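**Q**
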Amino acid sequence: MGGSGDDERPGASAQEADGKDLFRLGTQRDDVELRRYEYPWPEPGTRAEKRARRHVLYWWALTVVSGITAAVVYLAWPWQYVPPGGGGHTWYVLYTPVLGLSIGVALVSFAFGFIVLVKRFFPEEQAVQQRHDAEHSPAEDRATLAATAAEAANASGLRRRSVFTRAAGLGVGALGTGLGVTILGGVVHNPWDTTGLNESAKDTLWRTGWKPVAGETVYLRADSGDPHEVILVRPEDLGAPGIMSVVPFRESERDNPEMLSKARHRADNPATLLRLPPRTEVAPKAGREGMNVGDFYAYSRVCTHLGCPVTMYEGRTDRLFCPCHQSMFDLREHAKPIFGPATRALPQLPIDLDESGYFVATGDFTAPIGPSFWELEP
Amino acid sequence: MSQRRSTSGTAAGKLFDVVDERFPSAGTMRHQVNKVFQKHWSFLLGEVALYSFFVLLLSGTYLAWFFDPSMEKVTYDGSYTMLRGIEMSRAYESTLDISFEVRGGLLARQIHHWAALVFVAAIVTHMGRIFFTGAFRKPREVNWVIGVLLLTIAIMEGFTGYSLPDDLLSGTGLRITSGIVLSIPVVGTWLHWLVFGGEYAGEEIIPRLFTIHILLLPGLLLALIGVHLAIVWYQKHTQFPGRVSRESNAVGVRVLPGFAAKSGSLFTAVTGLLAAMGGLLQINPIWNYGPYKPSHVSAGSQPDWYLIWVDGAARLWPAWEIPLVDYRIPAVMWPTVITPTLLVGAALCYPWIDRALTKDYRRHNILERPRDAPVRTGLGAMVITFVLVLLASGVNDILAHVLEISLNGLLWAGRIGIVFLPLAAYLLTYHVCRALQRDDRKVLEEGMETGIIRRYPHGHMVDVHQPLATSDGEAKPLPYAGTPVPKKANDLGLAGSPVPGGLLRPDPPPDRERERGEDGETSSGDTS
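The listed protein sequences correspond, in order, to chains A and B. Here UniProt numbering is used: the first residue of the first sequence is 1, the next is one more, and so on. Here UniProt numbering is used: the first residue of the second sequence is 1, the next is one more, and so on.
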């Protein structure tokens, strides 16, 4: 800190005076005019200067303190997770804030000290530099550059519309296409490919895990917390009005943890089993007869707007509500959208009861689930 | 702090000799450190963005050591008791591990997330400064275009970042993205298969986003930031009109020492502020959200702030699906694909739109005050209002809940507001600008209001104005110079300045100080 003054002591060496002249010469060479360049504190050792100096040093003292604090906190503070209620939970909760705060204060106080130093001890400067902007390059440079380019084109035979130029263009185009196909080829997949597992092109967006396979019964399985637990659903499991998230289950999957887990994670599987209040009048719809079991209806849980799960059920008005973009579906009209941005009704899952009284799905959804897409027939 | 200009003798001088004998560049280097930079605070907004980006690179590198983008299903067995035994992806588990098992890892995560929010916010604010002062005009159109690209890529970088943890919130965001991709006519399905590797969600998307997030987009950002800064350096900053400022000069401080010291301090301060925010302000507590599961969602699911407006647009757009023989154009394409594309496209083209509106083809190094370009300022206010209405609509479920008003009503308010409010904002801003212009001209012609009202014997009252300039005792109208016009006597410093002093007592006058006989140990010189 004392350094700034030492070199400027009255009667400094001739070399220093030379330095000042050279500095001025440098600014002149760079077309910089120092309109104002004044050292602060022309009067040495005033109260104001000492105060300014203390101001800088206080900030940096804070830097030292909080820097050390950060290191100590990082190393010594109990940082391992303690559940709420356990002894030391508060200490754990405070670890990140205290660490962040001490690092932050160390950095910010260092910056503040430096800014005070700049503002109070650096010379007050107003420099003016000439831009030397030109409207464009000198005419001669432009003309000679254009001529050089033209000569290069001439010399190489790559003139406009020459055979070489056309052939080279074609070559570059073909090369680009080849490279592009090679690079992109690896990630392009045909959605309508039927050579693999899919039996038909519609096995992708039109079909879900509820699709009947080889006549095996598809049960409604409650979507519980345990990925491997199988809870089948009976009418008495759901009060009215009630709502339950269900996924498909087949007996062949019972001892297959991977398949049981997959049924919960496949994004087009989730369905909502609903029990409407007794005597709810649902408007009849052609083709939907027999898809419900009394007051029990099942619909796709995936919103037809942008795919969020439609999780909220207003029992009083028989409406389903999507929490993402606020589409509302009227259950008295087979989940027709009545408010918000959704355009299509939630597809219905046809359900029935098996001989033991468990819910089963008698087919896949009535329409593709989730957001609309180009190939979906209106 | 050393004032030493001679390079010989010292260690630094020797090092300089070693370098200069191999790369003779003293003249170029002197020219660079003597370069004059603007002093106005608004020129630091872009630097805040740059320094947030540095923090993002550093904290992101740290996080990448611990994060694993794998979609492999695992059962959690870490120290966060609430999630033990829950099935989740390895990506989510490793994010939990960063939060609970890595010492200081949660701080790093939160700093990274906050830095991303501040990064985009600083870019947007910086862009506002450039826009409203006309700094994008010739010869700086290209740098404006690069800036718009930087903003777009920064938003994409933010999205790919917050989608990585595979928690319930980010999975919902990806589900929505999947719907948006599917909504593109003709190629939507193919594009979806290209991006997701099949039907949503698949196992490929998060590892791919990881590569894009840590390699592709940061590389692009770094390269474009390099070009952006090089162009600023080459073309020099613009400047506000002033007594000294001309089209032909640059007024400010030289790089060494003033600008470099301030800029370095700003870097330190931004880093410190982000560290403190990362510690004190909890952000994205993924352990509360739980792992992603397609049948779950929580109310109040919003993206990070810079994408809420797209979500808002998706909420407002009516259910207009267009049937096309055997095909359909999904309604969500308009708000989520077309609207953002048009907005970014308009921003990219704006320098040329402005040129067409103003018929101004000249070069400009001197900025305009927003009030002096009412159409441009009005258009800016219009776009800001448009985005703000969408942003408010993106959080309308939270607004409805907190303010206890009808959600349906808010949705309709947004639908009506998006049509009329931007227009109203344009008209209002335009007229406010014109009024401010007239106010400035009036002061220049008639003088400042003094607050003195003189009443004549016959009852007539006149409020007395102080002319800003006089010639032979007559008020002389001044031309408008594009600078702020003093409106009160205090604006000219006529009220004087406070006496210097400490907290408790004022400093003695300078002559008294001298009498105390200082030893001159720490004098300073004035070279001018």
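All C-beta atoms, glycine included, are put in the ideal place defined by N, C-alpha and C. Bear in mind that the values here come from a model prediction, so they are computed numbers and not experimental data.
Quick check on DSSP: helix, strand or coil for residue 245/A?
**A** Walking along the first sequence from the start, residue 245/A turns up at place 245. Strand at residue 245/A.
**Q** Determine, using beta-carbon pairs with one atom in the region 461 to 471 of chain B and one in the region 442 to 450 of chain B, whether at least three such pairs fall under 8 Å.
**A** Yes: at least three Cβ pairs fall under 8 Å.
**Q** Could you check the C-alpha separation between residue 37/A and residue 480/B for me, to the nearest Å?
**A** Counted from its first residue, the first sequence places residue 37/A at position 37. Counted from its first residue, the second sequence places residue 480/B at position 480. In a straight line, the C-alpha of residue 37/A is about 29 Å away from that of residue 480/B.
**Q** Name the chain B residues that come within less than 7 Å of residue 326/A, Cβ to Cβ?
**A** Against the first sequence, residue 326/A aligns to sequence position 326. The answer, in chain order, is 315, 397, 407 and 411.
**Q** Have a look at the DSSP bridge pairing and note the partners of residue 128/A.
**A** As a first step, residue 128/A is located in the first sequence; it is residue number 128 there, counting from the start. 33/A and 251/B, per the DSSP bridge assignment.
**Q** Identify whether residue 314/A lies in helix, strand or coil by the three-state DSSP scheme.
**A** Counting from 1 along the first sequence, the entry for residue 314/A is found at position 314. In this structure, residue 314/A counts as strand in the three-state DSSP scheme.
**Q** Straight-line CA distance for residue 484/B to residue 339/A?
**A** Counting from 1 along the second sequence, the entry for residue 484/B is found at position 484. Counting from 1 along the first sequence, the entry for residue 339/A is found at position 339. Spanning the two alpha carbons is a distance of roughly 51 Å.
**Q** Could you list which residues in chain A have their beta carbon closer than 7 Å to that of residue 537/B, in chain order?
**A** Given that chain B is displayed from residue 1 to residue 528, the structure contains no residue 537/B and the question cannot be resolved.
**Q** Taking only the alpha-carbon atoms, compute the straight-line gap between residue 311/B and residue 203/A and give it to the nearest angstrom.
**A** Stepping through the second sequence from its first residue, residue 311/B is reached at position 311. Stepping through the first sequence from its first residue, residue 203/A is reached at position 203. When rounded, the distance between both Cα atoms is 30 Å.
**Q** Measuring alpha carbon to alpha carbon, tell me which residue in 303/A, 296/A and 316/A is nearest residue 351/A.
**A** Here residue 351/A refers to the residue found at position 351 of the first sequence. Taking only the C-alpha atoms, the option nearest residue 351/A is 296/A.
**Q** Let me see if you follow: with CB-CB separation under 9 Å, is residue 331/B close to chain A or not?
**A** The sequence position of residue 331/B within the second sequence is 331, counting from 1. Interface residue, yes.
**Q** If the cut is a Cβ gap below 7 Å, which residues of chain A does residue 326/B touch?
**A** Taking the first residue of the second sequence as position 1, residue 326/B is located at position 326. Ordered by position in chain A, the residues that pass the 7 Å Cβ test against residue 326/B are 377.
**Q** Taking C-beta to C-beta, are residue 361/A and residue 298/A nearer than 9 Å?
**A** The residue given as residue 361/A occupies position 361 in the first sequence. The residue given as residue 298/A occupies position 298 in the first sequence. In this structure, residue 298/A lies closer than 9 Å to residue 361/A by Cβ.
**Q** Assign residue 374/A to buried or exposed, taking buried as 16 or more other Cβ atoms, counted over all protein chains shown, within 10 Å of its Cβ.
**A** Taking the first sequence and counting its residues from 1, the one referred to as residue 374/A is at position 374. Answer is buried; the Cβ neighbour count reaches 16.
**Q** Got a sec? Which residues, its chain only, sit under 8 Å from residue 500/B by beta carbon, not counting five neighbours each side?
**A** The residue labelled residue 500/B in the question sits at position 500 within the second sequence. Excluding residues within five positions, the ones whose Cβ falls inside 8 Å are 506 and 507.
**Q** Can you tell me whether residue 181/A is buried or exposed? The criterion is at least 16 other CB atoms within 10 Å of its CB, across all chains shown.
**A** Reading the first sequence from its first residue, position 181 is the one you call residue 181/A. Residue 181/A is exposed by the Cβ-count criterion.
**Q** Given this structure, state the Cα-to-Cα distance separating residue 281/A from residue 332/A, to the nearest angstrom.
**A** For the purposes of this step, residue 281/A is identified with residue 281 of the first sequence, where counting begins at 1. For the purposes of this step, residue 332/A is identified with residue 332 of the first sequence, where counting begins at 1. Answer to the nearest angstrom: the Cα atoms are 6 Å apart.
**Q** Could you tell me which whole beta strand (DSSP E) segments of length 3 or greater appear in the region 301 to 386 of chain B?
**A** If we require 3 residues or more, the beta strand (DSSP E) runs fully inside the region 301 to 386 of chain B come out as 322 to 324 and 327 to 329.
**Q** Which residues in the same chain have their Cβ closer than 8 Å to the Cβ of residue 518/B, if we skip the five residues on either side of it in sequence?
**A** Here residue 518/B refers to the residue found at position 518 when the second sequence is read from its first residue. Caution applies to residue 518/B, whose pLDDT of 46 falls short of 50 and renders its modelled position unreliable; the value that the coordinates give is listed next. Same-chain partners within the cutoff: there are none.
**Q** In three-state DSSP terms, what is residue 320/A?
**A** Within the first sequence, the letter at position 320 stands for residue 320/A. Strand at residue 320/A.
**Q** Could you check if residue 183/B is buried or exposed, using at least 16 other CB atoms within 10 Å of its CB as the buried criterion?
**A** Position 183 of the second sequence holds residue 183/B. With 16 or more Cβ atoms within 10 Å of its Cβ, residue 183/B is classed as buried.
**Q** Check for me: the alpha helix (DSSP H) holding residue 540/B runs from which residue to which?
**A** Within the shown structure, residues of chain B are numbered from 1 to 528, placing residue 540/B beyond reach of any answer.
**Q** Of the residues 56/B, 111/B and 137/B, which one's Cα is nearest the Cα of residue 359/B?
**A** As a working mapping, residue 359/B is identified with position 359 in the second sequence. If we check each option's Cα against that of residue 359/B, 137/B comes out closest.
**Q** Considering only their Cβ atoms, is the gap separating residue 276/A from residue 223/A smaller than 9 Å?
**A** The count along the first sequence starts at 1 and reaches residue 223/A at position 223. The count along the first sequence starts at 1 and reaches residue 276/A at position 276. Their beta carbons are not under 9 Å apart, which means residue 223/A does not touch residue 276/A by this criterion.
**Q** Can you tell me whether residue 417/A is helix, strand or coil according to DSSP?
**A** One cannot answer for residue 417/A here, as it falls past the ends of chain A, which runs 1 to 378.
**Q** Return yes when the Cβ of residue 251/A is within less than 9 Å of the Cβ of residue 304/A, no when it is not.
**A** Residue 304/A sits at position 304 when you count from the first residue of the first sequence. Residue 251/A sits at position 251 when you count from the first residue of the first sequence. Cβ distance not < 9 Å, so residue 304/A and residue 251/A don't count as in contact.
**Q** Which word fits residue 420/B, buried or exposed, when buried means at least 16 other C-beta atoms lie within 10 angstroms of its C-beta?
**A** Within the second sequence, residue 420/B is the residue found at index 420, counting from 1. Exposed.
**Q** Distance, Cα to Cα, residue 194/B vs residue 328/B?
**A** Indexing the second sequence from 1 puts residue 194/B at position 194. Indexing the second sequence from 1 puts residue 328/B at position 328. Straight-line Cα distance between these residues: approximately 21 Å.
**Q** Cβ closer than 9 Å: which chain B residues qualify as neighbours of residue 227/A?
**A** Within the first sequence, the letter at position 227 stands for residue 227/A. In chain order: 73, 75, 86 and 87.
**Q** Residue 195/A and residue 364/A - do their beta-carbons sit closer together than 9 Å?
**A** Counting from 1 along the first sequence, the entry for residue 364/A is found at position 364. Counting from 1 along the first sequence, the entry for residue 195/A is found at position 195. It is not a contact, given that the beta carbons lie outside the stated cut-off.
**Q** Please check the pair residue 114/B and residue 278/B, which I expect to be a contact at CB under 8 Å, by giving their CB distance rounded to whole angstroms.
**A** The residue labelled residue 114/B in the question sits at position 114 within the second sequence. The residue labelled residue 278/B in the question sits at position 278 within the second sequence. About 5 Å; that satisfies the 8 Å criterion.
**Q** I want to verify the contact list: residues of chain B whose CB lies under 8 Å from the CB of residue 55/A, in sequence order.
**A** Along the first sequence, read from residue 1 onward, the residue named residue 55/A stands at position 55. Result: empty, since nearest Cβ-Cβ is about 10 Å, beyond 8 Å.
**Q** Between which two residues does the alpha helix (DSSP H) harbouring residue 208/A extend?
**A** As a working mapping, residue 208/A is identified with position 208 in the first sequence. Note, residue 208/A: premise wrong, no alpha helix (DSSP H); not H, not E.
**Q** Return the residues of the region 31 to 47 of chain B that lie within a Cβ-Cβ distance of less than 8 Å from chain A, sorted by chain order.
**A** Flagged, chain order: 31, 34, 35 and 36.
**Q** Do residue 272/B and residue 103/A have their C-beta atoms closer together than 9 Å?
**A** Here residue 272/B is taken as the residue at index 272 of the second sequence, counted from 1. Here residue 103/A is taken as the residue at index 103 of the first sequence, counted from 1. The answer is yes: Cβ separation under 9 Å.
**Q** Is it buried or exposed for residue 323/B, if we count other Cβ within 10 angstroms and need 16 for buried?
**A** On the second sequence, residue 323/B is found 323 positions in, with the first residue counted as 1. Exposed: under 16 other Cβ atoms inside 10 Å.
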